[in-house]
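Asks: Line order of the protein sequences matches chains A and B.
In terms of our numbering, the first sequence has 68 at position 68, counting the first letter as 1, and numbering is strictly consecutive.
In terms of our numbering, the second sequence has 230 at position 230, counting the first letter as 1, and numbering is strictly consecutive.
Provided herewith is a single structure, encoded as structure tokens, for subsequent inquiry.
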Amino acid sequence: MSTESHPQRFRVDPHARFRVLEDEGIFVLQEAGEVLVVNELGAFIVEQLQAERSVDEVVMAITHRYAVDQDRAQADTRSLLDALLEAGAISQT
Amino acid sequence: MSYSNTITRAWTENRLMSVLLELTYACNLDCTFCYNDLARVGQPLSVDQYRQLLDDLASLGILNLSLSGGEPLAHPRFFDIANHARNLGFVIRLKTNGHAVRRTVAERIRNEIDPFIIEVSVHGASPETHDRQTRVAGSFERLVTNVRTMKSLGLRVKANSVLTRWNEHEVEDMVALYDELGVLFQIDPEVKPRDDGDREPLAIAASAKGHARYRRALEARANRNGGDIDPVSREAGPKPLVARTDKHCGAGSNNIAIDPYGSVLPCVQWRVPVGNLHDQRIAEIWEKSAGLLEARETTKAARRMLEGLGDAAVTSNFCPGAAHVHSGDPLALYPAVEQRIAASARARVRLTVL
């Protein structure tokens, strides 16, 4: 996952469920019986993934929506995706 | 970010998170203490109405969906409805008696619904006890076989039981059975009246000795398993949480129930309709129902009332819905709660003496 360019796409893992509740997102990891809660930015990123956007497109969407530069957006996105991958909340398509 | 905070906000800000659907009151068993009001009649929701409802619930961001009954699998279009729910991404809990879940049905459940958990009703640890309750010979053996099949297919299973005078003598064996099957379990120590207020089921409420035996059985299991007394929270997240709000419970605040005829209820125990899906869409009911506003205020009043009675009352597992079924008053204490408060008081006295 940790490369300079991110053309790959991710999706909510088939064994996980995801919902946005106003300003936060909730993953239920059915196999593990665990819950993950992500903040507003995390929920926004996952919604972008659900819209089948690539990681590069997600980063661009963040820079358009929030007042952050591309390097910061890329680093934050990479950090979140790594954590969600490790938890089994998302998987690569 | 924590799920506990999410639950607290859901209660406080009236965010609907969980919906229980009673799909039908039809059933392939004939349980003595079935709580459903089987005399109730009305226009059942159509499959198209269920599809619309599920679409609406997904749009509202509802996370948890319980499919219940009666026996939900007895609904002739169960798989159509449940598969639509699965495609909309709900966390699905299937509450079934397990009688119909033979291998082919279990495989369909796994492949077409992929539920978070299947909750099966178990009434004892032996054919004599279980079948006495279900009034269907062979139902115990069939259920145990079906649970083993579900487990072999990778389905997550939880046993739901109610402690009664009929099974209290074998509660240790029930716990052992659940552990042997490798399922989570929850034993409700309280038999409740039927939804129509009929108190007949209370005739088989567990005795005081039965309650003591039940507590000892759970404590013995906890000692064997390293001090963990709660078989549900040990493995099956999301763990039960207590929200830190001014409400006693989330009835009508973060959860509702819907009966087969479209009546929307504050929760499955609190059988006071606050709207009907034949007349309104769920979003409108959720936003505008005067009955829901009243239920939310009642849960606040319940909290104040219990806090005024002391810690024993706060932790007595009081349920406004059960109170309403008992007396028509959702704020009135009922016998099981009064007994728990008294038992807690006796325990405090013993501690003081010691």
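For every residue, glycine included, the Cβ atom is placed at its ideal position computed from N, Cα and C.
Measuring CB to CB, does PHE10 (chain A) end up less than 7 Å from LEU41 (chain A)?
Replies: With a cutoff of 7 Å on beta-carbon distance, PHE10 (chain A) and LEU41 (chain A) are scored as not near each other.
Asks: By the 10 Å Cβ neighbour count, where 16 or more other Cβ atoms means buried, how is ASP131 (chain B) classified, buried or exposed?
Replies: buried
Asks: By the DSSP assignment, the alpha helix (DSSP H) with PHE78 (chain B) in it spans what residues?
Replies: 78–87
Asks: Going by the DSSP bridge assignment, what does ALA257 (chain B) pair with across the sheet?
Replies: B:LEU20, B:LEU265
Asks: On the DSSP bridge assignment, give the partners of GLY69 (chain B) in chain order.
Replies: None, per the DSSP bridge assignment.
Asks: Bridge partners of PHE185 (chain B), per DSSP?
Replies: Beta-bridge annotation (DSSP): PHE185 (chain B) is paired with B:ALA159.
Asks: Please name the residue in B:GLY275, B:ALA343, B:GLU297, B:PRO260 whose C-alpha comes closest to that of PRO72 (chain B).
Replies: With distances taken between Cα atoms, PRO72 (chain B) lies closest to B:PRO260.
Asks: Could you tell me which residues DSSP pairs with ALA16 (chain A) in its beta bridges?
Replies: Answer is A:LEU29.
Asks: Under 9 Å, CB to CB, which of the residues in the region 27–55 of chain A have a partner in chain B?
Replies: VAL28, LEU29, GLN30, GLU31, ALA32, GLY33, GLU34, VAL35, LEU36, VAL37, VAL38, ASN39, GLY42
Asks: Say whether chain A places a C-beta atom closer than 7 Å to the C-beta of GLY61 (chain B).
Replies: yes
Asks: Of all the alpha helix (DSSP H) runs that stay within the bounds of the region 307–336 of chain B, which reach a length of 4 or more residues?
Replies: 311–314, 320–327
Asks: Identify, in the order they occur along the chain, each residue of the same chain with its Cβ nearer than 6 Å to the Cβ of VAL91 (chain B), setting aside the five sequence neighbours on each side.
Replies: LEU63, ASN64, PHE116
Asks: Nearest by alpha-carbon distance to ALA85 (chain B): which of B:VAL136, B:ASP56, B:ALA74 is it?
Replies: B:ASP56
Asks: Rounding to the nearest angstrom, what Cα-Cα distance links ALA283 (chain B) and ARG102 (chain B) in this structure?
Replies: 37 Å
Asks: So is LEU21 (chain A) in contact with chain C if we call contact Cβ pairs under 7 Å?
Replies: Given the protein chain composition of this structure (A and B), no chain C is represented.
Asks: What are the residues in the region 110–127 of chain B lying within 7 Å of chain A by C-beta distance?
Replies: Taking 7 Å as the Cβ-Cβ cut-off against chain A, the residues of the region 110–127 of chain B that qualify are PHE116.
Asks: For THR6 (chain B), which residues in chain A fall below 9 Å Cβ to Cβ?
Replies: LEU21, GLU24, ILE26, VAL35, VAL37
Asks: State the start and end residues of the unbroken beta strand (DSSP E) segment that holds SER54 (chain A).
Replies: Careful: SER54 (chain A) lies outside any beta strand (DSSP E) and carries neither H nor E.
Asks: Taking Cβ-Cβ distances shorter than 7 Å, what residues in chain B pair up with PHE10 (chain A)?
Replies: None at all; the shortest Cβ gap to chain B is about 16 Å.
Asks: List, in order along the chain, the chain A residues whose C-beta lies closer than 7 Å to that of SER2 (chain B)?
Replies: Proximity of chain A to SER2 (chain B) at the Cβ level (cut-off 7 Å) is accounted for by VAL37, in chain order.
Asks: Report all residues from its chain with a CB closer than 6 Å to the CB of ALA16 (chain A); omit the five preceding and five following residues, and keep chain order.
Replies: PHE27, LEU29, ALA89
Asks: Check the Cβ-Cβ distances between GLY89 (chain B) and every residue of chain A, and say whether any is below 7 Å.
Replies: yes
Asks: Under the DSSP definition of a beta bridge, which residues are partnered with GLY275 (chain B)?
Replies: Under DSSP, GLY275 (chain B) forms a beta bridge with B:VAL264.
Asks: Applying a beta-carbon distance threshold of less than 8 Å, which residues of chain A neighbour ARG15 (chain B)?
Replies: LEU21, GLU22
Asks: By the three-class DSSP mapping on this structure, what secondary structure does SER233 (chain B) have?
Replies: Legend: pLDDT at SER233 (chain B) = 41, less than 50; position of this residue unreliable, no value from coordinates given.
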